[in-house]
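J.: Please find one structure pasted underneath; my questions will follow.
In the numbering used here, the protein residues as written are 6 to 134.
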């Protein structure tokens, strides 16, 4: 659970063996398990208007990485795909970066409406796994 000045953010990462789209399907994704290990952050904090980064690292190299947010009663919303590409219509106070097995979502100018559950999804095109 990540806390931003009284706002709660939590991060859950999902792993898929291959990917063909930028759309998150929680039913088709699996939580990281077995030989795939994902390290997720503890608490982070930022004042409103400040900046916060949420990082995820894995023991595998990833070719596609996406970030989502979900608010209560709503479907997950794609924020960032292909590591750093901002989804159309998403505020540019969200940004993504990273490579290989380490990825970061940065929220600049934190707003109260940023309180949500955040998801990351990583894909790797290795059918032998």
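Even glycine gets a Cβ: it sits at the ideal position worked out from N, Cα and C.
Between the Cα of residue 88 and those of 81, 80, 78 and 61, spot the shortest distance and give me the residue it belongs to.
T.: Closest by alpha carbon: 61.
J.: State yes or no: is the C-beta of residue 109 within less than 8 angstroms of the C-beta of residue 53?
T.: Not closer than 8 angstroms, so no.
J.: For residue 107, does the three-state DSSP call read helix, strand or coil?
T.: Reduced to three states, the DSSP call for residue 107 is strand.
J.: Could you tell me which residues DSSP puts in a beta bridge with residue 115?
T.: Its beta-bridge partners do not exist; DSSP assigns none.
J.: Whose CA, out of 85, 122, 111 and 123, lies closest to the CA of residue 51?
T.: Cα-wise, what sits closest to residue 51 is 111.
J.: Can you tell me whether DSSP reads residue 8 as helix, strand or coil?
T.: Residue placement at residue 8 is poorly supported in this model, since its pLDDT is 41, which falls under 50; the coordinates still yield a value, given next. Correct three-state label for residue 8: strand.
J.: With a cut-off of 8 angstroms on the beta carbons, I'd call residue 121 and residue 92 a contact; round off their distance for me.
T.: That belief does not hold up - the Cβ atoms of residue 121 and residue 92 are roughly 15 angstroms apart, past 8 angstroms.
J.: Closest to residue 99 by C-alpha separation, out of 126, 73 and 63, would be which residue?
T.: The residue with the shortest Cα to Cα distance from residue 99 is 73.
J.: CB residue 106 to CB residue 64, shorter than 8 angstroms?
T.: Yes, these two residues count as a Cβ contact at 8 angstroms.
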